[in-house]
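Encoded as structure tokens, the structure appears first; notes follow it.
Protein chains in written order, with the working numbering: chain A, 7 to 231; chain B, 7 to 231.
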């Protein structure tokens, strides 16, 4: 089978939150994760760990935690300013899909949990303490690239998914459910399934490059095409 | 021109640290960033900002800061345990390439600096303080996916690059050089150029999936093929 073109895949990898409960073949999941791990990790440590949750009871328990974590995030961001490009209609559509996902999280056939296994303090005894928050902030550079490869790979094989991170607010509880050791840090949860009819992949709309890109100095916007 | 297949691009997007000083057409840079922004951001805020540095004097100044930040990171990680898959030969090859890049950072024709513009405390007045470190840790989920799309896009158009994050240890100084406001947080710097002969793209070797992937519970390794 011919592969989808890389730009076509990226440009149509919409965030899909309405997914069928139909099972997904293990081969496809393996292909997706296998694409994920082609991404880099800091110092090539490959300290990422992926937990593929298929067990129905586990999925229900994690769905409860997902809803609890959504509540934490929702309360927190309630006062956040809506950016101009998020019109009321788009905001409403996103919220409606997010609510659908939260309500049906446990019915999505596959969850891929993306973790890093690391102990910042033990690994970096000589990092000046004022740099520790930066180190932890940058740690995502060893896991979100893999997650993005998986998102684009899902799109290429016809699977829907969406990047969610809020479950990390219930990291300890998730760790407990899946028997993960204390040095596992949760960064993302990808619900993966076939897209529902009418909610499939399509063009990803974004702000024009010239709005978010600068040449040499901030304020010197990249020329409009 | 036919697009490269998505899996081929991901599986051969090697971290390239030896890059020619030859100029790179703006069209290709735009194509790469345009692929980058097809990645998601939290709540679709699109609060990423990309600064494309081409000015030679600016690149030299940033190269000095890169070397200073490498020193911070190098001292800090000196005692880190080498993982078993990083044989002495592979470790030496990586260090040699990293040293080459540091010495020649200012000669790489294009630097793409990847930032988020955000003020965690102002945006989340109601986030319980104990969740703030998690919020900041997860913020990378709104920028590293775009960075990974750019890495794979570079590979597809024949450009070399490598994900570096250490420059963030000199964030304030970089911000100052490019006149960026205080609410800009630096996450990554991608040096972009044509690969030197003999140091081009090729298969990305990784640990077997069954070493880093589990089914349902930690310890229950994904079956070997």
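All C-beta atoms, glycine included, are put in the ideal place defined by N, C-alpha and C.
Contacts that residue 82 of chain B makes with chain D (C-beta to C-beta distance below 9 Å): Note that chain D does not occur in the displayed structure, where the protein chains are A and B.
Starting from residue 190 of chain B, trace the beta strand (DSSP E) in both directions and tell me its first and last residue. Residue 190 of chain B: member of the beta strand (DSSP E) spanning 190 to 198, first to last residue.
My parser needs the beta strand (DSSP E) runs of 3 or more residues fully inside the region 111 to 137 of chain B; what are they? If we require 3 residues or more, the beta strand (DSSP E) runs fully inside the region 111 to 137 of chain B come out as 116 to 123.
With DSSP as the reference, label residue 96 of chain B as helix, strand or coil. In this structure, residue 96 of chain B counts as helix in the three-state DSSP scheme.
How big is the Cα-Cα spacing for residue 174 of chain B and residue 82 of chain B? Rounded to the nearest whole angstrom, the C-alpha separation of residue 174 of chain B and residue 82 of chain B is 14 Å.
Short Cβ contact (9 Å threshold) for residue 64 of chain B with residue 197 of chain B: Against a cut-off of 9 Å, the Cβ pair of residue 197 of chain B and residue 64 of chain B comes out as no contact.
Anything in chain A within Cβ reach of residue 46 of chain B, meaning under 7 Å, just list it in chain order. Within 7 Å Cβ-Cβ: 21, 169.
Selected residue, minimal CA-CA separation from residue 1 of chain B, among A:111, A:164, A:16, A:80: Residue 1 of chain B is absent from the structure shown; chain B starts at 7 and stops at 231.
So, do the region 36 to 54 of chain B and the region 132 to 150 of chain B have three or more beta carbon pairs nearer to each other than 8 Å? For the pair of segments examined, the region 36 to 54 of chain B was found to touch the region 132 to 150 of chain B: the number of CB pairs separated by less than 8 Å reaches three.
Starting from residue 215 of chain B, follow the alpha helix (DSSP H) in both directions and report where the run begins and ends. That run of the alpha helix (DSSP H) goes 215 to 218.
Quick one: Cα of residue 124 of chain A to Cα of residue 167 of chain B, how far? Here the alpha carbons of residue 167 of chain B and residue 124 of chain A stand approximately 26 Å from one another.
With contact counted as at least three CB pairs below 8 Å, one residue from each stretch, are the region 158 to 172 of chain A and the region 9 to 25 of chain A in contact? The way I'd put it, the region 158 to 172 of chain A does touch the region 9 to 25 of chain A; three or more beta-carbon pairs between them come closer than 8 Å.
For a test of the three-state rule: what should DSSP assign to residue 65 of chain B, helix, strand or coil? Residue state, collapsed to three classes: helix.
Stretch-stretch touch, CB-based, cutoff 8 Å, three pairs: the region 113 to 120 of chain B with the region 197 to 212 of chain B: In short, these stretches touch, since the Cβ pair count reaches three.
Whose CA, out of B:54, B:43, B:59, B:37, lies closest to the CA of residue 221 of chain A? Nearest to residue 221 of chain A by C-alpha distance, out of B:54, B:43, B:59, B:37, is B:59.
Hey, residue 228 of chain A and residue 213 of chain A are a contact pair by Cβ (cut 8 Å); roughly how many whole angstroms apart? The beta-carbon distance between residue 228 of chain A and residue 213 of chain A, rounded to whole angstroms, is 12 Å. This is too long to meet the 8 Å contact definition.
Would the beta-carbon of residue 30 of chain A fall within 9 Å of that of residue 142 of chain B? No, these two residues do not count as a Cβ contact at 9 Å.
Would you kindly work out how many angstroms separate the C-alpha atoms of residue 92 of chain B and residue 153 of chain B, rounded to a whole number? Take the alpha-carbon of residue 92 of chain B and the one of residue 153 of chain B: they are about 25 Å apart.
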